[in-house]
Each structure stands twice: as C-alpha cells, then as structure tokens.
Amino acid sequence: MIDLHIHSIYSDGSCTVQEILQEAQKKKLEVISITDHDKVDAYKELATLNIKKYFSGKIIPGCEFKCYFKEHNLPIEILGYGINIEKIQEYSKEKNIAKIQDRYLQHLKKIGKQIGLHFDENLKIDEKVTAYASETFQNEILKHPENKAILEKHHVDMEPNFYRGAQCNKNSIFYIDEEQDFIKVDELLEIIHDANGLAFLAHPYIYKIDDTEKMVEDLAKKYKIDGIECYYSTFSEEQIKTVVEICNKYNLFCSGGSDFHGIPKPDTCIGTGKENLRIEKKYIENWIKNISNIID
C-alpha cells in the first residue's frame, strides 16, 4: 500500500517526521510522500536522519501547493511529486504565508463580530508555525457551544471544514476572494516542472463547486497537468471510478493519499484514511519510474 498525501508539523499537521515514518512502517506502507503546504522543510530534516531506522519503504519528495484556477474562480491545490527540494525551497521563501493568513483572520474576526460570534478577540496567527486563518478561527469558535446556533442562523457550512465550507464558499458571509494572493495554475505548473516534478490535482471532490467533473476536464484540457489524486479518504467508489476514467481519457497519471494531518483530522489515519483506503502500489507504477530522486 501507499500514501502520497501526508502533512507534518512543518505545515498544519501535528506529527513529527519521525512519527510519520514510524506510523508508515507500522502500516507496512511501501511508498509515501510528505506533502506539506508550500513548504519542504520536512525533507531538510529527512536528510539528517537515518531513515531506515524508522521506515523501510520509499519516499517521494512532495509538496502541496495552493494556486488559483481563474477559469472557475476557484482556489485549488496541486500536489508536486519528485520535485527538486532546493528549487522549491527558493519558491517557498518568496511567499509570506503568515502575512496573508493574518489578513484573512482579521476579516473572519470582523464578520464573526458582526454576527455575534463568541471568540477571543486577541486571536492571532502564530508566525512560528504554518498557521492558517480558517483553522485558527474554526478551532476558536468551536470552543464556544453558543456559536452553533449563530452559525446555523447564518447558514455557515462547516463541512468538510471551515475553509472549504465557509472561507472558499461564495455563498457564505465569510467568503474571501483569494485570487490576488495565490499564483495562477499555469505559473505553478511551470515551477513544478522546472523543479523536475510531476503535478497532480489534489482531491478534486473536496472543492465546493457544482460540477467537479467539468472543472477537472477543463484543467486537463487547458493546462499541462500530469495527473489527478484519484484515491482519497472521502471519495466514494463512484467518484473514484469517474476520475480514473478522466485520467484514462486525457492520458493522465493517478495518485492517492489519506491527507493525514494528525490531531486536526483525528478520524483520518496514515495509509488507511477513514479506514476505507487501500491504495495499491500498482496504481502509480507507470509514473514513479520517472522520478529520479526517490529516497530509499
């Protein structure tokens, strides 16, 4: 089995690199990828470790990047695999994530105050970690049971999380237009490819849109995407079948992963997701042979 979508403490996960390796070994995974948001610090640490002490499988250098799909006015995530860590490190240094997220948090707090939500008004972004406004705000407002009725009154959707259901939802009072803050799809794909990587659309059915299949096909037709994350913790069998068919139609590769975060997503485990994942290595054998920097 494999898991090519894992987050560590270097972004919004709660587990250390060593803990991830140990859990992957426990699950007898053959191939993994740590895919922190816009950061590759985990691979700097991996370079200092005796990896075989913790994990006997292979590791594909990876990262999850946010970008903006202008044709659908939608922020999406792209998973880069086999990337040159040094080149991506330079790209990451150019982004000031904390500054952007602090601006978003101030907006969420302003709206929250207007509708009467209860929260600590001193709430702020922790610049020492990769903190996100949506997660920071969600964790705070959920501490106050009285907020549930207020959120329901204003039709605020918390599924699958505050970011997807509210901050990215154009019908939500908490909606934030992120276009100005994130790189466009074509620019990101060029960066990934220049770093010798392959680019995969992450979790297509997570985005709050009416026609996921059209969005995926538009992306495949217009841009030089390499593949799609077809196997994911929340996907139904029918959804998996549909995106695999799109991959076949456009000659794209398939990938899959749990999107493990640890404490932030306590019901999602490495390797098995919501206990429904069993992603076989055979699904990626036609493209990992193109990866020259696999760690084993």
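Going by my numbering, the first residue of the sequence shown is number 110, and it counts up by one from there.
All C-beta atoms in this analysis are idealised placements derived from N, C-alpha and C, irrespective of residue type, glycine included.
None of the values given here were measured: they were computed from a predicted structure.
Check                                                                                                 : Outcome
Residue closest to Leu307, alpha-carbon to alpha-carbon, out of Gln127, Glu173 and Thr245             : Glu173
Proximity below 7 Å, CB of His253 to CB of His216                                                     : no
Simplified DSSP assignment, three categories, for Phe246                                              : helix
Alpha-carbon spacing of Phe357 relative to Ala151, whole angstroms                                    : One detail in the question is off: residue 357 reads as Asn in this sequence, not Phe. Roughly 33 Å between the two C-alpha positions.
Local conformation of Phe271 per DSSP, three classes                                                  : helix
Touch test, the region 173 to 188 against the region 309 to 324, Cβ-Cβ under 8 Å, three pairs minimum : yes
Per DSSP, the bridge partner or partners of His146                                                    : Glu173
Assigned secondary structure, Asp211 (DSSP; H/G/I helix, E/B strand, else coil)                       : helix
One or two residues paired with Ala465 in a DSSP bridge                                               : Residue 465 lies beyond the stretch modelled for the chain, which goes from 110 to 405, so this question has no answer here.
Integer Cβ distance of Glu249 from Asp235, believed to fall under 8 Å                                 : Contact flag wrong, Cβ pair sits at about 13 Å.
Nearest-angstrom beta carbon gap, His312 and Asp368 [assumed within contact, 8 Å]                     : 7 Å
Cβ-based neighbour list, Gly166, same chain, cut-off 8 Å, excluding 5 preceding and 5 following       : Ala133, Gln134, Leu138, Glu139, Val140, Ile141 and Asp405
Val352 versus Pro373 - alpha carbon distance                                                          : 27 Å
Best match in Tyr177, Ile194, Lys148 and Leu113 for proximity to Tyr316 [C-alpha to C-alpha]          : Tyr177
Same chain, Cβ closer than 8 Å to Cys339, neighbours up to 5 away in sequence not counted             : Ile349, Val352, Val353, Cys356, Cys363, Ser364, Gly365 and Tyr392
Within 7 Å, strictly: CB atoms of Ile337 and Leu361                                                   : yes
Where Ile206 sits in the DSSP three-state scheme                                                      : helix
DSSP beta-bridge partners of Asp112                                                                   : Ile141
Span separating the alpha-carbon of Ile209 from that of Glu384                                        : 35 Å
6 Å Cβ shell around Gln247 - same chain, five flanking residues per side excluded                     : Phe271
DSSP beta-bridge partners of Gly365                                                                   : Tyr340
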